[in-house]
Structures are given as C-alpha cells and as structure tokens.
Amino acid sequence: MTGHSFHMAPKLSKIFPESCLLIVVGVVIGMLLFHTSTVHVSPLTPDTFFLYMLPPIILDAGYFMPNRLFFDHLGTILLFAVVGTIFNTLTIGASLWAVGQSGLFGVDCPILDMFLFSALISAVDPVAVLAVFEEIHVNEILYIVVFGESLLNDAVTVVLYHMFEAYSEMGPPNILFSDYMSGLASFFVVAVGGTIIGVVWGFLTALVTRYTHEVRVIEPIFIFVMAYLAYLNAEIFHMSGILAITFCGITMKNYVEANISHKSHTTVKYAMKMLSSSSETIIFMFLGVATVNDSHDWNTWFVVLTIFFCSVFRVLGVILLTAVVNRFRLYKLNKVEKFVMSYGGLRGAVAFALVLLIDPKHVRLQPMFVTTTIAVIYFTVFFQAIRICTNYATPNRDLNPCVPVIGSPVYCENVALDHMATEADHIGDFKGKGKCKCCDVNVNGNFKTP
Numbered sequence: 001m002t003g004h005s006f007h008m009a010p011k012l013s014k015i016f017p018e019s020c021l022l023i024v025v026g027v028v029i030g031m032l033l034f035h036t037s038t039v040h041v042s043p044l045t046p047d048t049f050f051l052y053m054l055p056p057i058i059l060d061a062g063y064f065m066p067n068r069l070f071f072d073h074l075g076t077i078l079l080f081a082v083v084g085t086i087f088n089t090l091t092i093g094a095s096l097w098a099v100g101q102s103g104l105f106g107v108d109c110p111i112l113d114m115f116l117f118s119a120l121i122s123a124v125d126p127v128a129v130l131a132v133f134e135e136i137h138v139n140e141i142l143y144i145v146v147f148g149e150s151l152l153n154d155a156v157t158v159v160l161y162h163m164f165e166a167y168s169e170m171g172p173p174n175i176l177f178s179d180y181m182s183g184l185a186s187f188f189v190v191a192v193g194g195t196i197i198g199v200v201w202g203f204l205t206a207l208v209t210r211y212t213h214e215v216r217v218i219e220p221i222f223i224f225v226m227a228y229l230a231y232l233n234a235e236i237f238h239m240s241g242i243l244a245i246t247f248c249g250i251t252m253k254n255y256v257e258a259n260i261s262h263k264s265h266t267t268v269k270y271a272m273k274m275l276s277s278s279s280e281t282i283i284f285m286f287l288g289v290a291t292v293n294d295s296h297d298w299n300t301w302f303v304v305l306t307i308f309f310c311s312v313f314r315v316l317g318v319i320l321l322t323a324v325v326n327r328f329r330l331y332k333l334n335k336v337e338k339f340v341m342s343y344g345g346l347r348g349a350v351a352f353a354l355v356l357l358i359d360p361k362h363v364r365l366q367p368m369f370v371t372t373t374i375a376v377i378y379f380t381v382f383f384q385a386i387r388i389c390t391n392y393a394t395p396n397r398d399l400n401p402c403v404p405v406i407g408s409p410v411y412c413e414n415v416a417l418d419h420m421a422t423e424a425d426h427i428g429d430f431k432g433k434g435k436c437k438c439c440d441v442n443v444n445g446n447f448k449t450p
C-alpha cells in the first residue's frame, strides 16, 4: 500500500527512489518495535539473505536480461567488475589503514582487518542498482554495464572477502607466499565454476522441458526449482551462487522459453517479477529495521573517511577504466554516463550481509564495521541515488529493450546482420564476433524447439 501510494505521487517518485521509501518505513517500524516491544526483533541474517532473499532477484535479472547487449559489452563489464573491484578494495583498505596509523580513529587498525572491510564495502549491490535504475529508466547500454558489473563483481568480492577473512584469522606472521597464490587461483575457480554450474543446469532444464508438452502444468515449477538448485549447487561447492543463477537464467531464456507453452511463460514471468519485487521490499525494510538498535559502535572519523574514500576511488576508477575502454569501443561512454556510473556504485544488502558474517572473536572491530556499513548504505542509496534521479536526463532512456522472438522482423534483421558480419570476417579471414554470433544462431535453430 505504501509503495502504491508512493507511485501515485509522480513528483515524489521522480526525486526519491522507492528503495529510499522502504528503508524509511523500515526505520519507522524499527523505532516502534524498539520503544514498545519487549521481544527482540530478529535482524536480516546472512543465511536468510543469501538463501532466500537474493536468488529470486538475481534470477529475475538474469532471465530477463537483454542477452545480446550483455555479451556485446562483456569486455567492458568484466573490466569494471574485476579490475574496478580489486582497485577499490586495495585503495580503500590501504587508505583507511594509513589514516588509522595516525591514531585519528582512536582504535588499533590491523591492515588485514582494513582490507577485509574494504572488500565487502567495495561490492556494488545488484539489488540496490536494480531498484534505482528501474526507477530512472537509464539507457540500455548504461544499464547493462553497471548492472552487469554489480552481478559479476560478486565473484571478486566473495573471494577477496573470504581470502582476507582467512588471512586475518591466520595472522600476518603465518601467511605464506603459497597462500597468496591460492587466493589468486581461487578467484578464477569461483568465477568460472559458478558460471559453468549455471549453464549446465540451464541446459538440463532445457532438456527436461523438451518432454513436458503433455504436462504443461509442471513447467513453471521445473524452471524455478532447477534455477534454485543451480544456486545451491554452486554454494555447496563454494562457487559463486550469484553467477550460477545468473547464467542459469540467461541459458533458460535462450533455450527453455521455446519449449514451454505460452501460459507457462506468462506464469513464470509474473511469478518471477512478484518474488523479485517482494524480496526487494523485504530486504530494504529489514535494512531500516536493523538500523534501530543499541549495539552500534559509532566512530565519526571512520564513517566519514570511509564514505569519502568510497566516493573518491569510485569516481577515480570510473575515469581511469572508461579512458581505457573508450579506446576500443565504437560507442564511447560520455560524461553523463560516467557521472551515472560513478554514482551508480550503490552499496546495499550484500555488503550488510557480508559484514554480519564477520566473527567478532577474530575481528575486534566488527561492531564498528557494521555501523559504518549501514552509514555507507544510507549515503549511497539516499544521497547518490537521489542525485542520479534529479540530475540524470537523456532523450533515449529505453531500459528494457524488446528482445526479438524467432521469426519476427527484428529477429530476422539481427540474424541477417550477424550473417553479414560473418561473411565480412570470412572475406577478411578474421575470426570476429560475427562468426561467433552466427554459430549461436545455428545452435538456437537446432535446439530451441522440441
């Protein structure tokens, strides 16, 4: 009801994203419960978030992602997701540690604890990005670059987080060179392993749905269950669950949708949107509720400098990386898009869930990290998101481009362009994108329909 009333006021919804409203409602509920209830309200635990809240949101994003656009800009996305996240983690952690050595924070700041905190606070949250970008309807290229970055940097964030967590428990004197090498190798294992698991489960779902034409009623169930099993399978083997369910959704979109009935497709579409929207609402409201408690450890200088370093190094990273990618892109990222990308590094429930995972027995500063993480989330979701909403304007703001279906004029035009690119590659004896896309078209034509 609150969300419906919010969208009934167009002027308000153009300035404030819905996520801001949900957090405010959560804060109000938290204050009422804190002052009137004698029963302790259970916060949003990491297990609840990662097992139940996050998968529907990521599945919805992967299933309805414009695949063609995603793979066309995969190089840019990977550069921001991998290099950008590592850059932010190292620079923020080193800066906080250097300031801590001056005694400004008033507490001892071990360097590994600072890098552990910087790893989780560098995560660009796909939940927050989705919630805000769907409000302002950014253009499709900007949407896919920032949202793709927020999805794929999960692998980097989780690996860095667990690596620094293990190093912090071991202690600096006990860390060997082989430990650094294993941490580097684990990044590729987690990322590639999660992707492979997701693709395998997607093709397995496509195989199953080829034989469900007599029992159409079970098709939506198979899609949701198989996608969730892909996520759980990846988490069991300590791979990236977000990457697994993302690429499972991408594979399903290509190969499962052609096998199921129109009614099943409609059911999947609206059920997925409903689950995703419900999860987003619960997550942001729980963030607001978790704010109101008496266990915060507030350190003004640490909070202010964390926000400052996150903002500065995000802008610096965007400027440096866009300067690199623009040398190789036909479509150059302009100043307006750089501005949105700089302010689009929103933090959210992913960072909050990770900071709650820190064991206070091994990391003495965990309470201060929790309070600072909440402050950074509020700053990015409120200040940065509101600035995006009030300052971003472009004449071509198509957020959800229509994905052409087989046989449609748009699809035929795209296929023709792919074949033309393939012939051009063949004449010039090149092995470019055209040949890869044409192979994908041939695979789709052979295996999409039962």
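Residues in the sequence shown are numbered consecutively from 1, following UniProt numbering. Yeah, the Cβ is synthetic: ideal placement off N, Cα and C, and Gly gets one too.
task = With a floor of 4 residues, list each alpha helix (DSSP H) that falls wholly inside the segment 23–83, ordered by position along the chain.
result = 54–63, 67–72, 74–78
ask   = To the nearest angstrom, how far is it from the Cα of LEU104 to the Cα of ALA290?
value = Indexing the sequence shown from 1 puts residue 104 at position 104. Indexing the sequence shown from 1 puts residue 290 at position 290. About 28 Å.
inquiry  = Between the alpha carbons of ILE307 and VAL156, how many angstroms are there, rounded?
reply    = As a position in the sequence shown, residue 307 is number 307, starting the count at 1. As a position in the sequence shown, residue 156 is number 156, starting the count at 1. Approximately 21 Å between the Cα atoms of the pair.
query = Around the Cβ of MET53, are there at least 16 other Cβ atoms within 10 angstroms (buried) or fewer (exposed)?
reply = Against the sequence shown, residue 53 aligns to sequence position 53. It counts as buried.
request  = Could you check how far apart the C-beta atoms of THR89 and PHE115 are, in whole angstroms? I think they sit under 8 Å.
outcome  = Here the question's residue 89 lines up with position 89 in the sequence shown. Here the question's residue 115 lines up with position 115 in the sequence shown. The Cβ separation is near 7 Å, so the contact holds.
key: Run of the alpha helix (DSSP H) containing CYS248, from where it starts to where it stops   = Here residue 248 refers to the residue found at position 248 when the sequence shown is read from its first residue. First-last of the alpha helix (DSSP H) with CYS248: 241–255.
task = Pick helix, strand or coil for VAL292, following the three-state DSSP scheme.
result = Counting from one through the sequence shown, the residue named residue 292 turns up at place 292. If DSSP states are grouped into helix, strand and coil, VAL292 belongs with coil.
task = Could you give the DSSP three-state label for residue 451: helix, strand or coil?
result = One cannot answer for residue 451 here, as it falls past the ends of the chain, which runs 1 to 450.
query = How is PHE379 classed by DSSP in three states: helix, strand or coil?
reply = Position 379 of the sequence shown, counting from 1, holds the residue named residue 379. Correct three-state label for PHE379: helix.
query = According to the neighbour-count rule (16 or more other Cβ atoms, all chains shown, within 10 Å of its Cβ), is ASP125 buried or exposed?
reply = Residue mapping note: residue 125 aligns to position 125 of the sequence shown, counting from 1. Burial call: buried.
task = Starting from LEU232, follow the alpha helix (DSSP H) in both directions and report where the run begins and ends.
result = Numbered from 1 along the sequence shown, position 232 holds the residue referred to as residue 232. First-last of the alpha helix (DSSP H) with LEU232: 219–236.
request  = Return yes when the Cβ of THR371 is within less than 7 Å of the Cβ of ASP297, no when it is not.
outcome  = Translated into the one-based positions of the sequence shown, residue 297 becomes position 297. Translated into the one-based positions of the sequence shown, residue 371 becomes position 371. Contact flag set, yes.
request  = To the nearest angstrom, report how far apart ASN139 and TYR331 are at their CA atoms.
outcome  = As a first step, residue 139 must be located in the sequence shown, where it is residue number 139. As a first step, residue 331 must be located in the sequence shown, where it is residue number 331. Computed Cα separation, rounded: 13 Å.
task = Determine the extent of the alpha helix (DSSP H) in which residue 454 is found, giving its start and end residues.
result = The chain is shown only over 1 to 450; residue 454 falls outside these bounds and no answer can be derived.
key: PRO360, buried or exposed, once every other Cβ within 10 Å from all chains shown has been counted against 16   = In the sequence shown, counting from the first residue as 1, residue 360 sits at position 360. It is exposed - the Cβ of PRO360 has fewer than 16 other Cβ atoms within 10 Å.
ask   = How is GLN101 classed by DSSP in three states: helix, strand or coil?
value = Stepping through the sequence shown from its first residue, residue 101 is reached at position 101. Coil, per DSSP.
request  = Could you give the DSSP three-state label for HIS213: helix, strand or coil?
outcome  = Numbered from its first residue, the sequence shown carries residue 213 at position 213. HIS213 falls in the coil class under three-state DSSP.
message = Once the 5 residues before and after PHE328 are set aside, which same chain residues still bring their CB inside 8 Å of it?
response = Within the sequence shown, the letter at position 328 stands for residue 328. If we look at PHE328 and ignore the five residues flanking it on each side, its Cβ neighbours are GLY75.
query = If you follow the alpha helix (DSSP H) that ASP154 is part of, which residue opens it and which one closes it?
reply = By 1-based counting over the sequence shown, the position of residue 154 is 154. Element bounds for ASP154: 140–170.
message = Looking at the secondary structure, which residues open and close the alpha helix (DSSP H) in which ALA258 lies?
response = In the sequence shown, the residue the question calls residue 258 occupies position 258. ALA258 -> no alpha helix (DSSP H), and no H or E assigned at all.
inquiry  = Once the 5 residues before and after PHE284 are set aside, which same chain residues still bring their CB inside 6 Å of it?
reply    = The residue labelled residue 284 in the question sits at position 284 within the sequence shown. The residues are SER19, LEU22, ILE23.
task = List the whole-angstrom C-beta distance separating ALA230 from CYS248, where the pair is believed to meet the contact cut-off of C-beta under 8 Å.
result = For the purposes of this step, residue 230 is taken as residue 230 along the sequence shown, with counting starting at 1. For the purposes of this step, residue 248 is taken as residue 248 along the sequence shown, with counting starting at 1. The Cβ separation is near 4 Å, so the contact holds.
inquiry  = I'd like to check one pair, GLU219 with ILE260: are the Cβ atoms closer than 7 Å?
reply    = Here residue 260 refers to the residue found at position 260 when the sequence shown is read from its first residue. Here residue 219 refers to the residue found at position 219 when the sequence shown is read from its first residue. For ILE260 and GLU219, yes; Cβs fall inside 7 Å.
Nearest candidate by alpha-carbon position, reference LEU232, set VAL25, MET31, GLY30, PRO56 = Counted from its first residue, the sequence shown places residue 232 at position 232. Of the candidates VAL25, MET31, GLY30, PRO56, the one whose C-alpha sits nearest the C-alpha of LEU232 is PRO56.
key: Alpha-carbon to alpha-carbon, LEU354 and LEU120   = As a first step, residue 120 is located in the sequence shown; it is residue number 120 there, counting from the start. As a first step, residue 354 is located in the sequence shown; it is residue number 354 there, counting from the start. Approximately 6 Å, taken between the alpha carbons.
message = Let me check understanding here. Comparing Cα to Cα, which of GLU165, TYR255, PHE50 lies closest to VAL208?
response = Translated into the one-based positions of the sequence shown, residue 208 becomes position 208. Nearest of GLU165, TYR255, PHE50 to VAL208, Cα basis: TYR255.
inquiry  = By the three-class DSSP mapping on this structure, what secondary structure does HIS362 have?
reply    = Looking up residue 362 in the sequence shown gives position 362. Coil.
query = Along the chain, where does the alpha helix (DSSP H) that runs through LEU176 open and close?
reply = As a first step, residue 176 must be located in the sequence shown, where it is residue number 176. Here LEU176 belongs to no alpha helix (DSSP H), and DSSP marks it neither H nor E.
request  = Leaving aside the five residues before and after ALA351 along the sequence, list all residues of the same chain whose C-beta is less than 8 Å from its C-beta, in chain order.
outcome  = Counting from 1 along the sequence shown, the entry for residue 351 is found at position 351. Excluding positions up to five away in sequence, the list reads LEU120, ILE121, ALA123, ASP125, THR373, VAL376, ILE377.
request  = Count the other CB atoms, across all protein chains shown, that sit within 10 Å of the CB of ASP113; report buried if there are 16 or more and exposed otherwise.
outcome  = Within the sequence shown, numbered from 1, the residue matching residue 113 stands at position 113. It counts as buried.
ask   = Could you give the C-beta distance for THR205 and MET252, rounded to a whole number, given that I count them as a contact under 8 Å?
value = For the purposes of this step, residue 205 is identified with residue 205 of the sequence shown, where counting begins at 1. For the purposes of this step, residue 252 is identified with residue 252 of the sequence shown, where counting begins at 1. Right, their Cβ atoms sit about 6 Å apart.
ask   = To the nearest angstrom, how far is it from the Cα of GLY198 to the Cα of ASN326?
value = Here residue 198 refers to the residue found at position 198 when the sequence shown is read from its first residue. Here residue 326 refers to the residue found at position 326 when the sequence shown is read from its first residue. Whole-angstrom Cα-Cα distance: 31 Å.
request  = Please confirm whether LEU305 and VAL99 have their CB atoms less than 7 Å apart.
outcome  = The residue given as residue 305 occupies position 305 in the sequence shown. The residue given as residue 99 occupies position 99 in the sequence shown. Yes.
query = Hey, how far is the Cα of PRO404 from the Cα of HIS265?
reply = Stepping through the sequence shown from its first residue, residue 404 is reached at position 404. Stepping through the sequence shown from its first residue, residue 265 is reached at position 265. Here the model assigns PRO404 a pLDDT of 39, short of 50, so the residue's position is not dependable and the matter cannot be decided.
request  = For the alpha helix (DSSP H) holding LYS335, just list the boundary residues, first then last.
outcome  = On the sequence shown, residue 335 is found 335 positions in, with the first residue counted as 1. Residues 335–343.
query = With a CB to CB cut of under 6 Å and the five nearest residues on each side skipped, what residues in its chain are close to GLY93?
reply = Here residue 93 refers to the residue found at position 93 when the sequence shown is read from its first residue. Within the same chain, GLY93 has close Cβ partners MET114, PHE115, SER118.
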